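Student: Quick note, in my numbering, the sequence shown goes up one by one and the last residue is 310.
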Amino acid sequence: MNNKRGLGRGLSSLIPTSDSGEEAIISENLRDIPLARIVPNPNQPRQTMDENNLAELIESIKVHGLIQPIVVRPAKKTGFEIIAGERRWLACKKLDMKHVPAIIKNYNDLEASAAALIENIQREDLNAVDEAGAYKKLMDNHGITQEELSARLGKSRSFIANMIRLLALPQEIKELLTEGKLTAGHARALLSLADAEMQKRFAARIIEKKMNVRDTEQLVRKYIEDLACKGKEKKAVDKDKKDWEQKLAKRLGRPINIKKKTDGSGALVIRYNNPEDLHSLLNKLTLK
Numbered sequence: 023m024n025n026k027r028g029l030g031r032g033l034s035s036l037i038p039t040s041d042s043g044e045e046a047i048i049s050e051n052l053r054d055i056p057l058a059r060i061v062p063n064p065n066q067p068r069q070t071m072d073e074n075n076l077a078e079l080i081e082s083i084k085v086h087g088l089i090q091p092i093v094v095r096p097a098k099k100t101g102f103e104i105i106a107g108e109r110r111w112l113a114c115k116k117l118d119m120k121h122v123p124a125i126i127k128n129y130n131d132l133e134a135s136a137a138a139l140i141e142n143i144q145r146e147d148l149n150a151v152d153e154a155g156a157y158k159k160l161m162d163n164h165g166i167t168q169e170e171l172s173a174r175l176g177k178s179r180s181f182i183a184n185m186i187r188l189l190a191l192p193q194e195i196k197e198l199l200t201e202g203k204l205t206a207g208h209a210r211a212l213l214s215l216a217d218a219e220m221q222k223r224f225a226a227r228i229i230e231k232k233m234n235v236r237d238t239e240q241l242v243r244k245y246i247e248d249l250a251c252k253g254k255e256k257k258a259v260d261k262d263k264k265d266w267e268q269k270l271a272k273r274l275g276r277p278i279n280i281k282k283k284t285d286g287s288g289a290l291v292i293r294y295n296n297p298e299d300l301h302s303l304l305n306k307l308t309l310k
């Protein structure tokens, strides 16, 4: 029974708490800090939180205690700002815990933002849209390039660039990414389609047919190739049409317009200016 109670107390059982309600210093960087002195990170990369996962975490902490401390940095007004572990902090708040074990880091804004992003990526807590948004926010807020960001995060520059491109997709598709109905691989394939409506149509088909990324890439590639072939055919038809218009215009001495329909039918339009012009045209068209 004593073992179970010890397990339920978690990491806090190993960290003494001061009677004054202030943080107890355990080591240079690890402290037991009052929850009231901690605020969330305003630049938290994760914009959505899975309520089911949070509920599971609350139950786990209730039974086992908090096994892993959160990571914070000093904040001017409140005391400390979360760098990593916002869900753990929120779960502890919901359990009405008074203190939480925390590792204190003296990070500047860029270091704190990068550390928060890395922690979420390593835990696979971010959907593709949140991850892409976090990359762009880091670059915009701190004036760093894709190359500099890739070096800090240990990601290739092309990976960073491709993720940021996802932000250009229609909002409907980004919502599907956030909901987990599409993956980043699906979305990258859709970026090859220039038309937003076509991207949405393909996204609906991917979900309906439960297509994997490879099948999606093949579908998009075939569509683009077919589109290119139709474009070449249209150019050939247009050139042929233009040649005939020029020949007839030269023969009849007036502009000619050939109109073609998709079913193969069409119309030959010859314009005249007045009755005398019409009479002249009819004479030229009369077979002798």
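By construction, the Cβ of each residue, glycine as well, lies at the ideal position given by its N, Cα and C atoms.
It should be emphasised that the depicted structure is a prediction, and the values quoted were computed from it without experimental measurement.
Exposed or buried, what is PHE224 when buried is set at 16 or more other beta-carbons lying within 10 Å of its beta-carbon?
Tutor: Counting C-beta atoms within 10 angstroms of its own C-beta, PHE224 has 16 or more neighbours from the protein chains shown and is therefore classed as buried.
Student: Looking only at DSSP bridge pairs, what is ASN279 linked to?
Tutor: When beta bridges are read from the DSSP output, ASN279 appears opposite VAL291.
Student: Rounding to the nearest angstrom, what Cα-Cα distance links ILE228 and LYS222 in this structure?
Tutor: 10 Å
Student: Just tell me which of MET185, ARG109 and ILE125 has its CA closest to the CA of ARG95.
Tutor: ILE125
Student: How many Å lie between GLU103 and ILE60 at the Cα?
Tutor: 6 Å
Student: When the Cα atoms are used, what is the spatial distance from GLY43 to PRO56?
Tutor: Its pLDDT being 44, under 50, GLY43 is placed unreliably by the model, and the measurement read from it follows with that caveat. In a straight line, the C-alpha of GLY43 is about 7 Å away from that of PRO56.
Student: I believe MET161 touches LEU171 by the beta-carbon criterion, under 8 Å. Please report the beta-carbon distance rounded to the nearest angstrom.
Tutor: 6 Å
Student: What is the DSSP secondary structure of ILE105, counted as helix, strand or coil?
Tutor: Reduced to three states, the DSSP call for ILE105 is strand.
Student: Rounding to the nearest angstrom, what Cα-Cα distance links LYS281 and SER302 in this structure?
Tutor: 23 Å
Student: Rounded to a whole number of angstroms, what is the C-alpha to C-alpha distance between LEU307 and SER287?
Tutor: For LEU307 and SER287, the distance between alpha carbons rounds to 22 Å.
Student: Taking the alpha-carbon positions, what's the ILE47 to ALA150 distance?
Tutor: Residue placement at ILE47 is flagged as unreliable, the pLDDT there being 43, under the threshold of 50; the coordinate-derived value follows with that caveat. Looking at the two C-alpha atoms, the distance is approximately 38 Å.
Student: Hey, which unbroken runs of the alpha helix (DSSP H) at 4 residues or more fall wholly within the region 58 to 97?
Tutor: 73 to 86
Student: When the Cα atoms are used, what is the spatial distance from ALA77 to GLU141?
Tutor: 20 Å
Student: Quick check on LEU303: does DSSP put it in helix, strand or coil?
Tutor: helix
Student: To the nearest whole angstrom, what separates the beta carbons of LEU188 and ALA154, a pair I think is in contact under 8 Å?
Tutor: 5 Å
Student: Just the C-alpha distance for ALA156 and CYS251, rounded to the nearest angstrom, thanks.
Tutor: 40 Å
Student: Buried or exposed for ASN128, going by 16 or more other Cβ atoms inside 10 Å?
Tutor: exposed
Student: Just to confirm my understanding: we take LYS115, look at its own chain, exclude 5 residues before and 5 after, and list those with CB closer than 7 Å. What are they?
Tutor: LEU57
Student: Evaluate the contact criterion for the region 104 to 111 versus the region 63 to 78: three or more CB pairs, one atom per stretch, below 8 Å.
Tutor: Yes, since at least three Cβ pairs between the region 104 to 111 and the region 63 to 78 fall closer than 8 Å, the two stretches touch.
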